[in-house]
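There are 2 protein chains.
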Amino acid sequence: MTDNEKTPATSTRERILDAFEALLGESGERAATLEAVAGSAGISKGGLLYHFGSKEVLIDGLLARLEMMVALDVAEIHSSEAGPVAHLIRTSPTTGNTLDRALVAVSRLAQASNSRARQALRAANEAWYEAVLETVGDPVLTRTIMLISDGLYYGAAFFPTDDPHPAATFDTAATAHQPDLEGIIALLETLTAIPSRTGVKAP
Amino acid sequence: MTDNEKTPATSTRERILDAFEALLGESGERAATLEAVAGSAGISKGGLLYHFGSKEVLIDGLLARLEMMVALDVAEIHSSEAGPVAHLIRTSPTTGNTLDRALVAVSRLAQASNSRARQALRAANEAWYEAVLETVGDPVLTRTIMLISDGLYYGAAFFPTDDPHPAATFDTAATAHQPDLEGIIALLETLTAIPSRTGVKAP
DNA sequence: GTCTATACAATGATAGAC
DNA sequence: GTCTATCATTGTATAGAC
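The listed protein sequences correspond, in order, to chains A and B. According to the UniProt record's numbering, the first sequence is numbered sequentially starting from 1. According to the UniProt record's numbering, the second sequence is numbered sequentially starting from 1.
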């Protein structure tokens, strides 16, 4: 039980989760089979099943990882100098960082009707919502910002590395799937500055 | 070759596509097997394969259906009295109509790494983008509106009929996944009214 | 047009060797 | 810890009966 043995920078467990995440994100839920994950992690199916007794357990591992990273991100959002809005919008389509990868991977699971994955996404969304609402104030505007963030995320998830379009590669403007993030942020910052937004709806 | 026989309101072909669409949307790509689709359409696997020679062909059928409905919607968007923005936002999360169902279904295919499905979604997105840009004028604002629409769509796709949340069911305000659409529309209408939005970014 | 029977590959999982 | 059988099940597809 003592861990006096050297712990590699990436344990086998973590490498398996990395592989699972990558396969889900890049090739979808159906392609993320135990064999494919194992192969991608450099071990065999049997080896994988030693670490994660079943696919359900493997999914649990991914969900736990996401949950942890969402918690970290929410903490970071509060201490962000640029403010939560800019933080959220800027980090949304970055498929580079670990949070994004986990989020996209779990999204794939959610689309495959996995209820636990859906619950995890919902929880993450609500955590972010609260964080943004706290500084923005207005619920409608907060929801609007969240939707933009969602749109960016899902857009990035749908059209990954993105094959260049035939047209519209030349102009300086952002293309359909290469949105002008800074422009959007500026737009939203303008909105947050408008004071009397709160009373937009009167039921 | 003469179609003097009565054509049922819903031909078997259409019923199969309906079933495929429904299964994709409600249970994900993996659940939409030939057998499940056939059963849901009230025929057998063999019967299905008479109409659609393979799963690829079945997907072709769905893609063609989406393409047609997108074209119809774009036409409608132009003649819409409420304007394209309100039209787009209002119809986004309505999982009721035929366009939405096809769109969600094809999204599931796209998430499963089907390149044709991705292409179809991209084409649809660009058609809408052009339609909105035409009346809104500003590219950044147009992109922002599209992202909100995307967020609504995918949000609705992730959390279907939606299990009621434990909390936040009592207040009049919209919940995390029951956004205040009219409020958002009002917000966006305000933005479109602001004239000097165009010069938001100066690279 | 629709069905049953069958072929064949792939998936999740178990058992046991190393 | 990791691997190689091996198994039951399911997915797509073909062939041919009705």
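Where a beta carbon is used, it is the ideal one built from N, C-alpha and C, also for glycine.
Using a Cβ cut-off of 8 Å, which residues of the stretch 36 to 64 of chain B contact any Cβ in chain A, in chain order?
none
Look at the alpha carbon of residue 34 of chain A and the alpha carbon of residue 37 of chain B, and state the distance between them as a whole number of angstroms.
Walking along the first sequence from the start, residue 34 of chain A turns up at place 34. Walking along the second sequence from the start, residue 37 of chain B turns up at place 37. Their backbone Cα atoms lie some 26 Å apart in a straight line.
Note down, in chain order, all residues in the stretch 99 to 118 of chain B with a beta-carbon under 8 Å from any beta-carbon belonging to chain A.
107, 108, 110, 111, 112, 113, 118
Hey, does residue 20 of chain B have any beta-carbon neighbour from chain A nearer than 7 Å?
For the purposes of this step, residue 20 of chain B is taken as residue 20 along the second sequence, with counting starting at 1. So, not an interface residue.
Against chain A, does residue 147 of chain B count as a neighbour if the rule is that its beta carbon must be under 7 Å from one of theirs?
For this step, residue 147 of chain B is matched to residue 147 along the second sequence. Yes, contact with chain A.
By how many angstroms is the C-alpha of residue 110 of chain B removed from the C-alpha of residue 27 of chain B?
Locating residue 27 of chain B in the second sequence gives position 27, counting from the first residue. Locating residue 110 of chain B in the second sequence gives position 110, counting from the first residue. Each residue's alpha carbon lies about 15 Å from the other.
If you count every other CB in all the chains shown that lies within 10 Å of the CB of residue 137 of chain A, and 16 or more means buried, which is it?
Residue mapping note: residue 137 of chain A aligns to position 137 of the first sequence, counting from 1. That one is exposed.
With a threshold of 7 Å between beta-carbons, can residue 151 of chain B be considered close to chain A, or not?
By 1-based counting over the second sequence, the position of residue 151 of chain B is 151. Interface residue, yes.
Output the distance between the C-alpha atoms of residue 80 of chain A and residue 10 of chain B, rounded to the nearest integer angstrom.
The count along the first sequence starts at 1 and reaches residue 80 of chain A at position 80. The count along the second sequence starts at 1 and reaches residue 10 of chain B at position 10. Distance between the alpha carbons of residue 80 of chain A and residue 10 of chain B is about 56 Å.
Would the stretch 138 to 152 of chain A and the stretch 49 to 67 of chain A be scored as touching if the rule is three or more Cβ pairs under 8 Å?
Contact fails between the stretch 138 to 152 of chain A and the stretch 49 to 67 of chain A, because fewer than three Cβ pairs, one in each stretch, are under 8 Å apart.
Name, please, each residue of chain B whose Cβ falls closer than 9 Å to the Cβ of residue 31 of chain A.
Against the first sequence, residue 31 of chain A aligns to sequence position 31. Correct list: 112, 113.
Taking all protein chains shown into account, decide if residue 72 of chain B is buried (16 or more other Cβ within 10 angstroms of its Cβ) or exposed.
Within the second sequence, residue 72 of chain B is the residue found at index 72, counting from 1. Exposed, by the Cβ-count rule.
Using a Cβ-Cβ distance under 7 Å, would residue 92 of chain A count as near chain B?
Taking the first sequence and counting its residues from 1, one reaches residue 92 of chain A at position 92. No, its Cβ sits nowhere closer than 7 Å to a Cβ of chain B.
Quick one, which residues of the stretch 183 to 194 of chain B are near chain A if we go by CB-CB under 7 Å, in chain order?
183, 184, 186, 187
Compute the distance between the beta-carbons of residue 132 of chain A and residue 84 of chain A, then report whether it is under 7 Å.
Locating residue 132 of chain A in the first sequence gives position 132, where the first residue counts as 1. Locating residue 84 of chain A in the first sequence gives position 84, where the first residue counts as 1. Cβ distance < 7 Å, so residue 132 of chain A and residue 84 of chain A count as in contact.
7 Å is my cut-off, CB to CB: does residue 144 of chain A come that close to chain B?
As a working mapping, residue 144 of chain A is identified with position 144 in the first sequence. So yes, residue 144 of chain A belongs to the interface.
List the endpoints of the continuous alpha helix (DSSP H) containing residue 52 of chain B.
Here residue 52 of chain B refers to the residue found at position 52 of the second sequence. No alpha helix (DSSP H) contains residue 52 of chain B, which DSSP labels as neither H nor E.
Determine whether the Cβ of residue 84 of chain A lies closer than 7 Å to any Cβ atom of chain B.
Residue mapping note: residue 84 of chain A aligns to position 84 of the first sequence, counting from 1. No, because no Cβ of chain B sits closer than 7 Å to the Cβ of residue 84 of chain A.
Taking all protein chains shown into account, decide if residue 100 of chain B is buried (16 or more other Cβ within 10 angstroms of its Cβ) or exposed.
For the purposes of this step, residue 100 of chain B is identified with residue 100 of the second sequence, where counting begins at 1. Burial call: buried.
Any residues in the stretch 120 to 142 of chain B with a beta carbon nearer than 7 Å to a beta carbon of chain A? Which ones, in chain order?
121, 122, 125, 126, 129, 139, 140, 141
Specify the secondary structure class of residue 276 of chain B as computed by DSSP and reduced to three states.
Given a span of 1 to 203 for chain B in the structure shown, any question on residue 276 of chain B remains unanswerable.
How many angstroms separate the CA atom of residue 39 of chain A from the CA atom of residue 58 of chain A?
The residue labelled residue 39 of chain A in the question sits at position 39 within the first sequence. The residue labelled residue 58 of chain A in the question sits at position 58 within the first sequence. Whole-angstrom Cα-Cα distance: 15 Å.
Run through DSSP, which three-state label would residue 179 of chain B get?
Walking along the second sequence from the start, residue 179 of chain B turns up at place 179. Reduced to three states, the DSSP call for residue 179 of chain B is coil.
Checking 7 Å against the spacing of the C-beta atoms, do residue 86 of chain B and residue 148 of chain B come in under that value?
Counted from its first residue, the second sequence places residue 86 of chain B at position 86. Counted from its first residue, the second sequence places residue 148 of chain B at position 148. No; because the gap between Cβ atoms is not below 7 Å, this pair is not in contact.
Considering Cα atoms alone, identify which of A:140, A:156, A:183, A:129 is closest to residue 140 of chain B.
Sequence index remark: in the second sequence, residue 140 of chain B carries index 140 (1-based). Among A:140, A:156, A:183, A:129, the Cα nearest to that of residue 140 of chain B is on A:183.
Look up residue 29 of chain A in the DSSP assignment and say whether it is helix, strand or coil.
Here residue 29 of chain A is taken as the residue at index 29 of the first sequence, counted from 1. It is coil, neither helix nor strand.
Looking at the structure shown, is residue 97 of chain B part of a helix, part of a strand, or coil, going by DSSP?
In the second sequence, the residue the question calls residue 97 of chain B occupies position 97. Note: residue 97 of chain B maps to coil in three-state DSSP.
Establish whether the CB of residue 180 of chain A and some CB of chain B are separated by less than 7 Å.
Residue mapping note: residue 180 of chain A aligns to position 180 of the first sequence, counting from 1. Answer yes: the Cβ-Cβ gap between residue 180 of chain A and chain B drops below 7 Å somewhere.
Using a Cβ-Cβ distance cut-off of 7 Å, determine whether residue 27 of chain B contacts chain A.
Position 27 of the second sequence, counting from 1, holds the residue named residue 27 of chain B. Closer than 7 Å: yes.
Since residue 62 of chain A contacts residue 102 of chain A with CB under 8 Å, what's their CB separation in whole angstroms?
Numbered from 1 along the first sequence, position 62 holds the residue referred to as residue 62 of chain A. Numbered from 1 along the first sequence, position 102 holds the residue referred to as residue 102 of chain A. Yes, they are in contact, since the Cβ atoms of residue 62 of chain A and residue 102 of chain A sit about 7 Å apart, within 8 Å.
Please list, in chain order, the chain B residues whose beta carbon lies closer than 9 Å to that of residue 96 of chain A.
Counting from 1 along the first sequence, the entry for residue 96 of chain A is found at position 96. The contacting residues do not exist; residue 96 of chain A stays about 20 Å from chain B at best.
Is DSSP giving residue 125 of chain B helix, strand or coil here?
The residue you call residue 125 of chain B lines up with position 125 of the second sequence. Helix.
Quick one: what does DSSP say residue 193 of chain A is sitting in, helix, strand or coil?
For the purposes of this step, residue 193 of chain A is identified with residue 193 of the first sequence, where counting begins at 1. Residue 193 of chain A: helix per DSSP, three-state reduction.
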